[in-house]
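In the working numbering, the protein residues as written are 157 to 282.
Report on one structure; see the data block that follows.
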């Protein structure tokens with residue numbers, strides 16, 4: 157006596173999708189407790205529909221991969237710009253300190269540590 161399959165159409169299409177994607181009909185049928193002839197009939201019945209769905213999924217996956225690469229490239233550019241801006245800020249802060257030292261009264265400058273910046277170098281930096 158034959159067993160009747162009480163699964164949904166979506167489940168049938170899932171099994172057909174396995175066959176369309178490259179699995180052997182006999183293997184898929186045995187794995188899911190089906191007759192190979194039943195699965196072959198479903199493959200003939202749903203092949204075009206399932207193949208179109210798989211093609212759409214693959215195209216979507218390729219588009220996501222491309223978008224991911226584009227986003228990674230933009231992220232890398234942004235991080236590079238951020239690093240450049242941080243360096244620029246550090247340079248400007250250093251320049252601001254040098255200008256502040258140059259504007260100190262002569263006596264205060266003499267009190268500063270000689271290792272920091274001699275007066276001639278601080279004026280040249282301006």
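All C-beta atoms in this analysis are idealised placements derived from N, C-alpha and C, irrespective of residue type, glycine included.
Predicted, not measured: the structure shown is a model, and the values here were computed from it.
Asked: Whole-number beta carbon distance between residue 198 and residue 172, since they are thought to touch under 8 Å; Found: 5 Å
Asked: For residue 173, three-class secondary structure by DSSP; Found: helix
Asked: Nearest-angstrom Cα separation, counted from residue 209 out to residue 225; Found: 25 Å
Asked: For residue 189, the three-state DSSP class (helix, strand or coil); Found: coil
Asked: Nearest-angstrom Cα separation, counted from residue 229 out to residue 253; Found: 36 Å
Asked: Local conformation of residue 179 per DSSP, three classes; Found: coil
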